[in-house]
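Heads up: the sequence shown begins at 1 in the working numbering, then just goes up one per residue.
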Amino acid sequence: MKFAFIVHPLSEESKALWQMDDGGQLLSHWENGNLLEICDFVQSRMAEGVAFGGRAKNSPIVLDHFSGLKTTTGCVTEGRVYEIPCSPKQILEDPTTAIEQTQTAVKMAADWGAGIVGLGSLTSVVGGHGQYIAENSPIPVTTGNSLTVYAALKNLQHACNELAIDLSNETVTVIGIPGSIATAIARMLRGRVGKMLLVARRPSQRATRIASELDSELLFDIPTALAKSRLILSATSSGNCIAQEMIQTGSVVIDVGVPADVTRSTRRRSNVLVVSGGLVDVPKKFLGKSMLLSFHFGLVPGCLAETINLALEDRAESFSLGRDLSVERIDEIGSIATLHGFSFSQLSSYGRPVPDSLWASMNKVVGRRESEKFEDAHASSNLPQSRKGDLASNGNGQVAGQATNGHLSNGHAENEKENADHQKLKKGQQQQEKQRSNRHARTLFQRYINPVLVNLAEQGGLNKTFVRGQDSVVTDAEENHYLDFVSGFGSVNLGHNHPKIVQAVREALDEGVPGFSPAAINPHAATLAERLVSIAPAGLEMVFFCNSGTESVEAALKLARVATGRSGIVYCHGSYHGKSLGALSVTGNRNYQRPFQPLVPDCHPIPYGNLEVLERTLASRNMAAFIVEPIQGEGGMILPPAGYLAEAERLCRQAGTLLIADEVQTGMGRTGTMFASEQAAIEPDIMTVAKSLSGGLVPIGAMLARRDLWMKAYGTVERFALHTSTFGGGSLACVAGLATIETLVEERMAENSAKRGFQILEGLNEIRGELPDYFQDIRGQGLMIGVELSPLAESVITHLKRTDSTDMLQYMMPGMDTMIASFPAVFQMQMLLEHYHIYTQVTRSNPLVLRVQPPLTIDSSKAAHFLSSFSRTCRLGQKVENLFEEVITRSISGQHVSSPVAESRKETRQTSGPPITASGVEIDEQYSQ
Ligand SMILES: Cc1ncc(COP(=O)(O)O)c(C=O)c1O
């Protein structure tokens, strides 16, 4: 069914929004306008354009056309926006003309074939809130106000969730009584908030009746109401009634007024959240289907969204009319819109999505207020709880309450079916809540931890929030299970939450062991040190405990300098030893080092695996240490040439240089023996360990050194405390470390690592045999395996870069080259994750290398599952790349070819017969607990 929507220009002022400076840049007015004003401005511009084109300006015009709107549910519609030539002032002063103009527009819409017409802004206020228009209209009419109300409540709910405000403890002010939107909002809020204040412009019988119906205080003065509450919903038709200065710090204002109720001011407050209320986020597929829908982040007013939804549903009925909106209908239209993919969680403030900085500052203000409230209350009984019920989606509270009460309060189920339905409903609600909190975690991570990481991962479809882990399986909030082939970059060698480690830590907690007692003797640290020394390469007898790999490297570098009296440190290109200033100075990645220069002096990079250069560098005899990874992990899972480490050891000894083996990633059974040094037949002077020494539970790191070196460095009264760490050697970490070593040994995990590593390497080489061009190299030892894929063809890379003809992307995204370069490995990551539920990562320093690093506990069936899945994703990857090349070649020669992305989808679908679809299922069935 087609629809139409009627609007009017909102204000003269909004024209200023389009003003440009001398350089052609838009003036900052955009910052100060809200969405409706901006829309209005564009509308009036277009209207002018039409008028200049010769059409009369004193009759309605077609302002916009929405074509081909189709939802994921398969419903379609198209629509038109008509504008009547009356400003808000004219409409209020001369409603008769406005009604006539609206009727003309309705008639035009009906003639065009619209099955329903929505009334925007003030056209829905005059004429008995649409009633008069509807009575005289050839087609049904809706004010769209039901969805506006629903959206405004959802907006409030969302803001409260974000700010951890418990609505049931709050006083909420509703401004605009007895208007239809404000009144409906107040009715929906009833019983769901601590207290409600209603504000009317002037006394009236209707306002008094509403206040007594809702048992709420009625005020006629906005400043007084604003002083009494910090949650405000405002929906007047006059606009501009709330000055920014009146609003209390920490307030949230959902401004549904048209024009806006909160006055615009150039001074934007960071301690008040003003949201343009009642806006709805259209489904992504709609964007670009009209000027209005593409505009402003896909947000449209609720009244327009309601009209679109009724058309999508083929419901030619006057849905929202008159002053008294039905609470049930508000819920109904909200559910319909949700079903069609409309959403309400994108909040807009002054015409832009609420910026993270505003959320952060509001969170601080609100948090401070809550703790003050808590202190005032002097008791935990008043402790505010966040995120109680849902204001809108489960209806008005009455409806949801009835459904629940029917079962719970009666104490007995009427029949089994009802009971089952109830359980299903409950499960669905729990699931929804989990998903919601998952999305919230993503928002917070983006806001407070790393927005770039979140955005990048999202673009690659790799944003995952894992909420549980057991052995080699991690589970997300939607209860999807994934095989973990990353293992926390080698920190979960024993699998997630190994029961023996969990038990050891639990017992220590139950015993009440003191967590940290740095200057006292910690028996757990002592026992772990002894055990660690017993499994370490010969000669390593002294242990320093810390909390990370980086810290263990710091300790090693410092010890080497003090013990030798030399300052030089030799390290390898492509190495990774951590990112503190010292560890970074010996990390062979210029991208990591460059921004932090100058680094620690006298550190010398040499090529990994090159003995000649090592010998030359050591010849100065000023080198305290050579720090080296037995296998480079972050650098791309690179194995040195056979015999390299043993010869390096000999050269170091010869030059009086200490050999530091960084076994942070290679240690604890990862490469098939407890430490990789064993297989290289070396006895380093110093060794660093971390990651899996914690058993994947409590952070820990350790530096092991020869006794004589330690004594030289720290063995005097003045020096014994030169290098310390408060948390190093904490009880829980040591208890976990001890249980980890015992478990690794008892369960022969290093041996399993060797066996499964062999199986996987063999399988990978078979795949390579079938697709020789797709791989550059496959290498590894034990379960530290890297698959290096071939880069994209030069023609494809050049084309991808050229697609961005303005070079803007290069400018905006300095990492673009890396992103293009890493395409083959990222594609594999995506496919493995999406279709086979296998979680992998690429190595940071070489983005063409896919890590294959599962926990050491995996059995042969999981290894085989990985191999069969990877074989399919590689074949697909090869095909996609071939298609890319073909597309480019043909496009250069002007021939058409279907898009590689579409082809890849098709391919995935084709291969998604039992084995592939089963993979997700397989994982679910086989590996879920
Ligand atoms: C070999 C090596 N050394 C040191 C580190 C730094 O360890 P952390 O991240 O625990 O500080 C890493 C981390 O990946 C590593 O692989």
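Ideal Cβ placement from N, Cα and C applies to all residues, glycine included.
Could you name the residues of the same chain whose beta carbon sits closer than 7 Å to that of residue i, not counting the 5 residues immediately before and after it, in chain order?
i    : result
K712 : A563
Q398 : Since pLDDT at Q398 reaches only 34, below the 50 mark, its modelled position is unreliable, and the value read off the structure follows with that caveat. If we look at Q398 and ignore the five residues flanking it on each side, it has no Cβ neighbours.
Q25  : With a pLDDT of only 39 at Q25, under the threshold of 50, the placement of this residue in the model should not be trusted; the figure read from the coordinates follows. Cβ within range, chain order: n/a, list empty.
R561 : S567, A624
E615 : L651
F720 : Y714
V126 : I91, P95, A98, I99
L197 : T171, T173, S216, E217, L219, A225, K228, S229
A739 : K500, I501, A504, G695
Given residue i, which residues of its chain have a CB within under 8 Å of its CB, disregarding the five upstream and five downstream residues?
i    : result
L358 : S270, L273, S349
L618 : V570, F626, L651, C652, Q654, A655, T657
L509 : L732
H604 : G568, I569, V570, Y571, T617, M623
A305 : G144, L147, A151, V280, V282, A337, F342
I686 : L540, A556, L559, A560, A625, L658, L659, I660, A661, M703, L704, A705, R706, L709
For residue i, which of helix, strand or coil comes out of DSSP?
i    : result
R748 : coil
V272 : coil
Q853 : coil
A864 : helix
H158 : helix
Q781 : strand
N34  : With a pLDDT of 44 at N34, under the threshold of 50, the predicted position of this residue should be treated as unreliable, though the coordinate-derived value follows. Reduced to three states, the DSSP call for N34 is coil.
G395 : Bear in mind that the predicted position of G395 carries a pLDDT of just 38, short of 50, making it unreliable; the figure below should be weighed with that in mind. Coil, per DSSP.
P598 : coil
I631 : coil
K930 : Coverage of the chain is limited to positions 1 through 929, which leaves residue 930 absent and any answer about it impossible.
H524 : helix
S948 : Residue 948 lies beyond the stretch modelled for the chain, which goes from 1 to 929, so this question has no answer here.
G729 : coil
I'd like to confirm something about residue i: is its beta-carbon nearer than 6 Å to some heavy atom of ligand 1, or not?
i    : result
T527 : no
F489 : yes
V628 : no
S692 : no
G549 : yes
H865 : no
H340 : no
Y608 : no
H573 : no
V664 : yes
G782 : no
G588 : no
G578 : yes
Can you tell me which residues form a DSSP beta bridge with residue i?
i    : result
I242 : V262
D94  : Paired residue(s): none; D94 is not in a bridge.
M933 : The shown model of the chain, from 1 to 929, leaves out residue 933, and the question about it has no answer.
H604 : V570
R80  : A4, H65
A625 : I569, L658
P301 : L279
May I ask whether a heavy atom of ligand 3 can be found less than 6 Å away from the beta carbon of residue i?
i    : result
G633 : Within the structure as shown, ligand 3 is missing, the only ligands being ligand 1.
Which same chain residues end up closer than 6 Å to residue i when comparing Cβ atoms and leaving out the 5 residues on each side of it in sequence?
i    : result
V354 : L347
T688 : S552, V553, A556, D662, V664, M703
E507 : none
What are the start and end residues of each continuous beta strand (DSSP E) run of 3 or more residues lying completely inside the segment 644-668, in chain order? Runs of the beta strand (DSSP E) inside the segment 644-668: 658-662.
Could you tell me which whole beta strand (DSSP E) segments of length 3 or greater appear in the segment 455-503? Entirely contained in the segment 455-503, the beta strand (DSSP E) runs reaching 3 residues are, in chain order, 466-470, 473-476, 481-484.
Go through the segment 318-352 residue by residue and report every complete run of the alpha helix (DSSP H) that reaches 4 residues or more, in order. With a minimum length of 4 residues, the continuous alpha helix (DSSP H) runs that stay inside the segment 318-352 are 327-339.
With a floor of 3 residues, list each beta strand (DSSP E) that falls wholly inside the segment 179-205, ordered by position along the chain. Listed in chain order, the beta strand (DSSP E) elements of length 3 or more contained wholly in the segment 179-205 are 195-200.
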